[in-house]
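Visitor: Residue numbers (numbering that gives the first Met the number 0): 0 to 530. All residues carry an ideal CB built from backbone N, CA and C; glycine is no exception.
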Amino acid sequence: MKSSEIRQQFLDFFESKQHKIVPSAPIVNKDDPTLMFINAGMNQFKDYFLGNKTPDNPRISDTQKCLRVSGKQNDLEEVGIDSYHHTMFEMLGNWSFGDYFKKEAIAWAWELLIDVFKIDKANVYVTVFEGDKSDGLEADMEAVEFWKEWIEEDKILYFDRKDNFWEMGETGPCGPCTEIHVDIRSEAEKAKVPGKDLVNMDHPQVIEIWNLVFIEFNRKADGSLENLPKKNIDTGMGFERLCMVLQGKTSNYDTDVFIPFIKFLEKESGKKYTFDYAHTAKSDIAMRVVADHLRAVAFAITDGQLPSNNGAGYVIRRILRRAVRYYYSFLEVRNPLLHKMLPLLASEFELVFPELKNQLEMVTKVIHGEEQAFLNTLEKGINRFNAIDTSSGAISGKDAFELFDTFGFPIDLTRLMASENGVKVDDKGFDTALAEQQNRGRADAQKSVGDWTELTADPSVEFVGFDHLSVDDAAVVKYRTVKIKKKDQFQIVLNKTPFYAESGGQHGDTGLMFFGEEKVPVLDTQKENDL
Ligand code: SER
Numbered sequence: 000m001k002s003s004e005i006r007q008q009f010l011d012f013f014e015s016k017q018h019k020i021v022p023s024a025p026i027v028n029k030d031d032p033t034l035m036f037i038n039a040g041m042n043q044f045k046d047y048f049l050g051n052k053t054p055d056n057p058r059i060s061d062t063q064k065c066l067r068v069s070g071k072q073n074d075l076e077e078v079g080i081d082s083y084h085h086t087m088f089e090m091l092g093n094w095s096f097g098d099y100f101k102k103e104a105i106a107w108a109w110e111l112l113i114d115v116f117k118i119d120k121a122n123v124y125v126t127v128f129e130g131d132k133s134d135g136l137e138a139d140m141e142a143v144e145f146w147k148e149w150i151e152e153d154k155i156l157y158f159d160r161k162d163n164f165w166e167m168g169e170t171g172p173c174g175p176c177t178e179i180h181v182d183i184r185s186e187a188e189k190a191k192v193p194g195k196d197l198v199n200m201d202h203p204q205v206i207e208i209w210n211l212v213f214i215e216f217n218r219k220a221d222g223s224l225e226n227l228p229k230k231n232i233d234t235g236m237g238f239e240r241l242c243m244v245l246q247g248k249t250s251n252y253d254t255d256v257f258i259p260f261i262k263f264l265e266k267e268s269g270k271k272y273t274f275d276y277a278h279t280a281k282s283d284i285a286m287r288v289v290a291d292h293l294r295a296v297a298f299a300i301t302d303g304q305l306p307s308n309n310g311a312g313y314v315i316r317r318i319l320r321r322a323v324r325y326y327y328s329f330l331e332v333r334n335p336l337l338h339k340m341l342p343l344l345a346s347e348f349e350l351v352f353p354e355l356k357n358q359l360e361m362v363t364k365v366i367h368g369e370e371q372a373f374l375n376t377l378e379k380g381i382n383r384f385n386a387i388d389t390s391s392g393a394i395s396g397k398d399a400f401e402l403f404d405t406f407g408f409p410i411d412l413t414r415l416m417a418s419e420n421g422v423k424v425d426d427k428g429f430d431t432a433l434a435e436q437q438n439r440g441r442a443d444a445q446k447s448v449g450d451w452t453e454l455t456a457d458p459s460v461e462f463v464g465f466d467h468l469s470v471d472d473a474a475v476v477k478y479r480t481v482k483i484k485k486k487d488q489f490q491i492v493l494n495k496t497p498f499y500a501e502s503g504g505q506h507g508d509t510g511l512m513f514f515g516e517e518k519v520p521v522l523d524t525q526k527e528n529d530l
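1) Take Val115 and list the residues in its own chain whose beta-carbon comes closer than 8 Å to its own, dropping the five residues that flank it on each side.
2) Considering just the uninterrupted stretch of the alpha helix (DSSP H) at Val288, what are its terminal residues?
3) Taking the continuous alpha helix (DSSP H) assigned at Lys379, which residues delimit it?
4) Going residue by residue through the segment 403-428, where are the continuous alpha helix (DSSP H) segments of at least 4 residues, counting only ones entirely within it?
5) Would you call Glu148 buried or exposed, if buried means 16 or more other Cβ atoms sit within 10 Å of its Cβ?
6) Give the straight-line distance between the Cα atoms of Asn539 and Val212, rounded to the nearest whole angstrom.
7) I need the DSSP call for Ile80, collapsed to helix, strand or coil.
8) So what does Ala393 bridge to, in DSSP terms?
9) Could you have a look at His577 and say whether DSSP puts it in helix, strand or coil?
10) So which of Ile5, Ser3, Phe36 and Arg6 has the shortest CA-CA distance to Gly312?
11) If you count every other CB in all the chains shown that lies within 10 Å of the CB of Arg333, and 16 or more means buried, which is it?
12) Verify whether the separation of the beta carbon atoms of Val123 and Asp182 is less than 9 Å.
13) Considering only heavy atoms of the ligand SER and the C-beta of each residue, which residues fall inside 6 Å, strictly closer?
14) Within 10 Å of its beta-carbon, does His338 have 16 or more other beta-carbons around it, so buried, or fewer, so exposed?
15) Helix or strand or just coil, what does DSSP make of Trp107?
16) Can you list, in chain order, the residues of its chain with a C-beta nearer than 7 Å to that of Asn73? Leave out the 5 residues immediately preceding and following it.
17) Does the Cβ-Cβ distance between Ala142 and Lys195 come in under 9 Å?
18) Looking only at C-alpha atoms, which of Arg324, Ile315 and Arg294 sits nearest to Ala285?
19) Cα separation between Tyr83 and Ser2?
20) In its own chain, which residues sit with a C-beta less than 7 Å from the C-beta of Ser469, not counting the 5 before and 5 after it?
21) Kindly indicate which residue of Pro259, Leu330, Asp291 and Met167 has the alpha-carbon position closest to the one of Glu550.
22) Could you tell me whether the Cβ atoms of Phe238 and Glu89 are closer together than 9 Å?
23) Nearest-angstrom Cα distance between Thr431 and Phe403?
24) Which term fits Tyr272, buried or exposed, when burial requires 16 or more other beta carbons within 10 angstroms of its beta carbon?
25) Please classify Phe352: does DSSP put it in a helix, a strand, or coil?
26) Is it true that the CB of Cys173 sits closer than 9 Å to the CB of Leu241?
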């Protein structure tokens with residue numbers, strides 16, 4: 000069955016159970032300060048659970064774009080290394096707002112998986128909440144009783160709050176949950192170790208596919224639980240994992256959700272995807288990372304989150320730079336690549352998330368620009384990284400900060416590259432260097448400095464100020480925006496210049512630059528801004 004059919008069958012099934020099918024909410028979360036990005040299907044329904052709003056229909060179902068790259072739900076480090084975590088993924092869900100509860104949620108999940116999708120029930124295990132003393136909660140025996148109608152008792156496993164009490168963040172709607180796990184190992188493997196011993200053990204082929212949450216509580220800021228006005232159902236099934244199970248694959252990346260992108264990357268890089276899950280083929284990891292990160296970055300930008308230097312924008316920039324470094328280093332692709340994959344992504348998702356196709360031009364421009372800007376400094380950054388003395392077994396905070404500040408390496412990228420070389424990063428030292436820079440920034444009346452945009456491949460600069468007070472023709476090598484006292488200024492490097500730059504305590508030269516008809520003053524920033 001094709002992935003598009005799987006998605007449709009899920010929605011059709013819940014429509015037949017009187018659910019209203021709604022579109023995915025944007026992946027970017029502008030309304031809820033407790034959350035940067037949508038990390039679960041239930042986020043858009045938070046107010047329905049809390050009783051602040053009432054839905055038109057008490058039963059809803061959809062597929063939701065989710066991003067788990069920050070906060071309580073963060074899978075970024077796993078992505079590409081393993082075969083079943085993603086930054087952006089689709090969560091298939093069904094909800095009841097004060098309508099049906101545990102009995103129906105369990106019965107319908109079973110009916111869909113076993114009767115409709117024909118998963119062999121011999122391979123299925125379920126988990127339930129064992130209770131928690133600190134929250135004063137008993138084990139969920141009610142869920143156990145409902146499960147016993149469908150599955151042998153020894154396949155119902157008990158887990159603690161870490162696995163079986165779901166919370167969207169530090170505060171908000173929450174409750175005990177029951178999860179459905181599927182064992183897709185070979186018969187020989189199953190004979191060696193029983194599947195139930197591998198549930199919740201991070202085994203790539205004994206995996207959770209569906210989480211049914213019984214949302215009964217609201218976690219308050221003081222950590223206590225209060226009962227919600229009504230009992231609700233919130234379920235979430237990993238679409239890509241379901242496709243893996245139903246298509247008989249052992250990796251999400253081997254399904255038709257990802258294969259078109261892997262093929263594209265094979266063509267662009269001239270490298271072969273080797274289906275190596277022993278984690279040795281770096282080019283395989285790179286293709287998985289790129290195929291995954293492309294989706295996260297493209298849909299976040301489509302939904303309104305541009306890459307930037309702080310907050311949610313920086314999360315997107317970090318993911319994008321991680322992808323660029325993977326294709327640069329391990330696929331040996333030296334030119335912007337992600338933006339070329341966007342038409343394929345847009346057409347693959349045209350029927351379910353048409354918003355990307357509708358904004359293809361804007362998204363392409365943004366991603367291309369970001370890729371080019373990072374590629375301009377990446378090689379120099381890698382050379383600098385390779386020259387760092389790591390005889391102590393660690394990269395100093397100062398060096399990590401230089402990579403960040405001069406070459407645009409997010410700290411997690413430096414950490415990743417360090418771990419590839421078997422060394423650590425002095426995170427504390429980096430934080431100190433960053434805090435020092437921020438303090439200087441505050442003292443500089445909120446000066447914020449953007450990234451350099453490099454316009455030429457040749458970075459050489461000729462200073463002619465000893466012999467000339469002007470030059471007739473010069474080209475901009477690179478520039479960046481500096482916001483000082485809420486005003487935008489530019490720092491510009493020319494390939495040929497008569498201006499002596501501020502250095503060694505000496506003030507910089509002032510004067511004029513002409514861009515065609517436009518006359519632009521060159522300022523002495525020390526004097527102008529009392530720096
Ligand atoms: N909110 C639950 C989860 O994200 C079920 O949808 O797993």
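Guide: Taking the definition as stated:
1) Gln8 and Phe12
2) Lys281 to Thr301
3) Leu359 to Ala386
4) 410-419
5) exposed
6) With the chain running from 0 to 530 in the structure shown, residue 539 is simply not present.
7) coil
8) Lys423
9) Any property of residue 577 remains undetermined from this structure, which presents the chain solely from 0 to 530.
10) Phe36
11) exposed
12) yes
13) Ala39, Gly40, Met41, Gly92, Trp165, Asn210, Val212, Asp233, Thr234 and Gly235
14) buried
15) helix
16) Arg67
17) no
18) Arg324
19) 16 Å
20) Pro497
21) An answer regarding residue 550 cannot be provided, because it is not within the stretch 0 to 530 covered by the chain.
22) yes
23) 13 Å
24) buried
25) coil
26) no
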